[in-house]
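*Asks:* After the structure tokens below, expect a handful of questions from me.
2 protein chains.
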Amino acid sequence: MVQAALRSGAAHRRCVFEVFARRLPEGRRYGVVAGTGRVLEGLEKFRFGDAELGFLSDRGVLDEQTLDYLADYRFSGTVHGYAEGEVYLPHSPILRVEASFAQACVLETFVLSVLNHDSAIASAASRMVMAADGRPCVEMGSRRTNEGSAVAAARAAAVAGFSATSNLEAGRRFGIPTLGTAAHAFTLLHDSEEEAFAAQVEAFGPGTTLLVDTYDVETAVRSAVKIAGPKLGAVRLDSGDLVEQAHSVRALLDSLGNRETRIIVSSDLDEHAIARLAAAPVDSYGVGTRLVTGSGAPTASMVYKLVERDDDAGNPVAVAKASTGKTSHGGAKQVLRSIDDHGRAEAEVIASVGSPEEVGYMGRALQVPLVIDGVVQPGFTGAEGVQRAQQRHQESVAELPADAHRLSAGEPVIPTVFL
Amino acid sequence: MVQAALRSGAAHRRCVFEVFARRLPEGRRYGVVAGTGRVLEGLEKFRFGDAELGFLSDRGVLDEQTLDYLADYRFSGTVHGYAEGEVYLPHSPILRVEASFAQACVLETFVLSVLNHDSAIASAASRMVMAADGRPCVEMGSRRTNEGSAVAAARAAAVAGFSATSNLEAGRRFGIPTLGTAAHAFTLLHDSEEEAFAAQVEAFGPGTTLLVDTYDVETAVRSAVKIAGPKLGAVRLDSGDLVEQAHSVRALLDSLGNRETRIIVSSDLDEHAIARLAAAPVDSYGVGTRLVTGSGAPTASMVYKLVERDDDAGNPVAVAKASTGKTSHGGAKQVLRSIDDHGRAEAEVIASVGSPEEVGYMGRALQVPLVIDGVVQPGFTGAEGVQRAQQRHQESVAELPADAHRLSAGEPVIPTVFL
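One line per chain: the protein sequences are A and B, in this order.
Take the first sequence: its letter number 194 is residue 199 in the numbering used here, and every next letter is one higher.
Take the second sequence: its letter number 415 is residue 420 in the numbering used here, and every next letter is one higher.
Below you can see the structure in the form of structure tokens.
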């Protein structure tokens, strides 16, 4: 597209692209914007290196003019968007990219890849955190998703309120708290479960978490208490009927005097399984597969659409395709989350950029400047970005109507209104 | 685990870990091993750098002894496994890692991440290729999955028989054929559809693929033929009722004399949608979201389990946990795909390594040496690895009973037998 547009001259037309999802995943009440910080980190480094250009040239994919254009590529446009962690609804324009066609066009795949993946994970994670109702959730799914996705998934889960991750690389890159427990292999490696527990306590002290379901749970809990003593930090259950086991292990720990020893459960948890454990004496949840695969919705299905571009005279023209079932709304947009007198969100109000602000709705403007003339604005990237996104997410969810807390399938929790 | 095992001395015990899936995704007849080449490429580079070690040290995650161990980490063990592209069934031991506990343990997350992701994509892709019944399938899903997953997904799709990908990085790294078409934005960028088509034909010649559903399909097809002439390569349909549109567009193209112009369809295709298009005059399929998300099964749910380890005297001991619903089979295993007199696969036969070969079954041994004493064996990595995997996959699928071709939900196509 860039090559053809460089030839036709249209490559330098000022364009506005918007990122949005036409719908939420089946039955979901709201979505969560995540990945914005990663998009901005990637944008600052977005370059075509010698290896890439050499390949494109050797394979004859692109002509010289286009290769030269890409060799000098530096994004110099402006991006507005939802702050990371914000709740989104169908058609919410969560990102608005203003740049020449060529500059904005080459970003499409990267921008969508990041936002589609990270928002899918955060949207699932938010429901799990809600179901956990204050008990900590720990991300433990790295092994069930692509190795790069694993780091991004840990980050997205943190944005949506997960307390920690077992992914150390996510800790290193994004400052997310990390923790881990032993696997069954560690117990099986030793000649007996007692030896394994003793080795772990020797290495990490009694505050460690011992995995107690490799052989017989009751025997393991008794051994764990005998070896680690009253200060045993936690035991982990990873199989079987977790509700029943949590009750019996709690009773056993209490009877042995280990009232402070916590119980961590894992094993194919999702938001529904977590909700079913609400009345069980569980202290925290380790969540893996269902988190990193978006709990049934592994992509947010966001699209990156041209909504406005200049004509030859430099005047903006709203554009939209007419394809069956995939219509979009032309023109650059602004958004207000309308808030009622009780502080509750009541609608996602979308209007043209530049339309009068007095439209009969009161609320919060959702789009903030993320990049101005190629310069990434401070506060959105790195560990600071993740912390701010966590905060934003908490506030944004707190503002939603009570129906947002329902895990059952339903309609978006507030309507999207086009003015 | 490594730190505690270094303290207890068990870290250096020789261990055997096996990778397998307890079950196929709901209703699937078979799975496809993919990612083996990427595992081997990663294994050769598996190091802990200063940045990683510094983080682990600064955060107090590990002690000095463990940091020193990781700083010197080089895998020196031996790995056998299914050749990439091979079909697998429940409990197929697709990888067997023999090394010290510490060496094998730290590989778990990386190995599973790669195999779980890539095998999930290849398993879905294989069904799509089967449904397409000879018509080429093109991978176009990069934007709907994490940016790293996108490259891996393109590779996995190629292993399972996809003809090309729109992901240029996958072309560069793995030698996969690449192709692309224009998006709706390219048409909308120009003052008219004709201008857009003319720009594309000017840049790429008449053999290009023009997207004809931005406004009105019939008008667009007529413009495309007028501008590109009788040598127009293809038109792409990306919305609406594809069966109906393919028929009417084919008739229109033929009536205009463009009998050689091909029709490419995309728009939320999966194996079922492809099967429904079997009787429509379609020449190739562009598959995106449903491919890169595994068509409902985004992870292969493989696990990495310790099955054997030495005791203090250096004698191998088979080990297995007894956790409810998650039992595994102890001891290192070998596998035979039993083949009947007609050349058809009839069972996945799993036996202990070292058990007599004369077991009453005839067939193919499925495990090949991938790494010997730390040295990656030739032929499995890079572009060569992908090509060989494609070939292996074709042969392996051809050998399956006819039920393998059914897209409806069912049992694994051949049983898994433990001797």
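C-beta: ideal position from N, C-alpha, C; glycine also.
Keep in mind it's a predicted model, so treat the numbers as computed, not measured.
(1) How close, in whole Å, do the beta carbons of A305 of chain A and A26 of chain A come, if the pair is a contact with beta carbons under 8 Å?
(2) Distance check for L72 of chain A and R335 of chain B, CA to CA, integer angstroms please.
(3) Once the 5 residues before and after D275 of chain B are set aside, which same chain residues still bring their CB inside 6 Å of it?
(4) The alpha helix (DSSP H) with D55 of chain B in it runs from where to where?
(5) In terms of DSSP beta bridges, what is R281 of chain B paired with?
(6) DSSP three-state label for G36 of chain A, please.
(7) Is G180 of chain B helix, strand or coil by DSSP?
(8) Closest Cβ-Cβ distance between R170 of chain A and chain B: below 8 Å?
(9) Distance check for S357 of chain A and R314 of chain A, CA to CA, integer angstroms please.
(10) When you compare the CB of T219 of chain B with every CB in chain A, is at least one pair closer than 8 Å?
(11) Given that a residue counts as buried once 16 or more other Cβ atoms are within 10 Å of its Cβ, and exposed if not, what is D378 of chain A?
(12) Entirely within the segment 206-257 of chain A and at least 4 residues each: give me those alpha helix (DSSP H) ranges in chain order.
(13) How would you label A284 of chain B, buried or exposed, when you count the other beta carbons within 10 angstroms and need 16 or more for buried?
(14) Shorter than 8 Å from the beta carbon of E152 of chain A to some beta carbon of chain B?
(15) Does the segment 116-132 of chain B come close enough to the segment 139-151 of chain A that 3 or more CB-CB pairs lie under 8 Å?
(16) Report the rounded CA-to-CA distance for L429 of chain A versus L58 of chain A, giving the unit in angstroms.
(17) Please report the Cβ distance between R132 of chain B and A204 of chain A, rounded to the nearest whole angstrom; I am assuming they are in contact, meaning their Cβ atoms lie under 8 Å.
(18) Would you mind reading off the limits of the beta strand (DSSP E) that contains T421 of chain B?
(19) Just the Cα atoms here: how many angstroms apart are A325 of chain B and G153 of chain A?
(20) Using beta-carbon positions only, say whether A175 of chain B and R160 of chain B come within less than 8 Å of one another.
(21) What are the start and end residues of the alpha helix (DSSP H) that includes H85 of chain B?
(22) Taking 8 Å as the CB-CB limit, is D316 of chain A close to chain B?
(23) Tell me which residue opens and which closes the alpha helix (DSSP H) that L72 of chain A is part of.
(24) Leaving out five residues on either side along the sequence, give the residues of the same chain with a beta carbon under 8 Å from the beta carbon of Y290 of chain B.
(25) Is it true that the CB of T266 of chain B sits closer than 8 Å to the CB of A225 of chain B?
(26) Considering only C-alpha positions, which residue in the set B:I99, B:V308, B:M307 and B:P420 is nearest to A350 of chain B?
(27) Assign F423 of chain B to buried or exposed, taking buried as 16 or more other Cβ atoms, counted over all protein chains shown, within 10 Å of its Cβ.
(28) What residues from the segment 278-306 of chain B come within 8 Å of chain A, judged by C-beta to C-beta, listed N to C?
(29) According to DSSP, is I268 of chain B part of a helix, a strand, or is it coil?
(30) Quick one: does N121 of chain A have its CB under 8 Å from some CB of chain B?
(31) Compare the beta carbon distance of A129 of chain B and C20 of chain B with 8 Å and say whether it is the shorter of the two.
(32) Inspect the CB distances between the segment 375-392 of chain A and the segment 78-93 of chain A and report whether three or more fall short of 8 Å.
(33) Quick one: what does DSSP say A204 of chain A is sitting in, helix, strand or coil?
(34) Anything in the segment 188-205 of chain B with a Cβ closer than 9 Å to a Cβ of chain A? List those residues in chain order, please.
(35) Answer with yes or no whether the minimum CB distance from S117 of chain A to chain B is below 8 Å.
(36) List the residues of chain B that T114 of chain A touches, going by C-beta distances under 9 Å, in chain order.
*Replies:* Taking the structure as given:
(1) 6 Å between Cβ atoms; contact.
(2) In the sequence under discussion, the amino acid at residue 335 of chain B is Gly, which differs from the Arg named in the question. Approximately 56 Å between the Cα atoms of the pair.
(3) These residues qualify, in order along the chain: R295 and S300.
(4) D55 to D63
(5) Looking at the DSSP assignment, R281 of chain B forms no beta bridge with any residue, so it has no partner.
(6) strand
(7) Looking at G180 of chain B - three-state DSSP - the assignment turns out to be coil, as it is neither helix nor strand.
(8) Correcting the residue identity first, residue 170 of chain A is Thr in this sequence and not Arg. Not an interface residue.
(9) 14 Å
(10) yes
(11) exposed
(12) Listed in chain order, the complete alpha helix (DSSP H) runs (minimum 4 residues) inside the segment 206-257 of chain A are 222-233.
(13) exposed
(14) Using a CB distance cut-off of 8 Å, E152 of chain A counts as an interface residue toward chain B.
(15) yes
(16) A question about residue 429 of chain A goes unanswered here, because the residues of chain A that appear run from 6 up to 424.
(17) That pair is no contact at about 46 Å.
(18) T421 to F423
(19) 31 Å
(20) yes
(21) Segment T83 to Y87 is the beta strand (DSSP E) holding H85 of chain B; no alpha helix (DSSP H) there.
(22) yes
(23) E69 to A76
(24) M133, A137, R140, P141, C142, V143, I269, V270, S271, L274, I279 and L282
(25) no
(26) B:P420
(27) exposed
(28) T294, V297, T298, G299, P303, T304 and S306
(29) Under the three-state reduction of DSSP, I268 of chain B is assigned to strand.
(30) Taking Cβ atoms only, chain B reaches closer than 8 Å to N121 of chain A, which makes this a yes.
(31) no
(32) As far as the Cβ criterion goes, the segment 375-392 of chain A touches the segment 78-93 of chain A, which means the pair count is three or higher.
(33) The three-state secondary structure of A204 of chain A, taken from DSSP, is helix.
(34) A188, H189, A190, F191, T192, L193, L194, H195, D196, E200, A201, A203, A204 and Q205
(35) Here the sequence assigns Leu to residue 117 of chain A, which means Ser is not the residue at that position. Closer than 8 Å to some Cβ of chain B, the Cβ of L117 of chain A qualifies, so yes.
(36) S147, R148, E152, A155, S171 and N172
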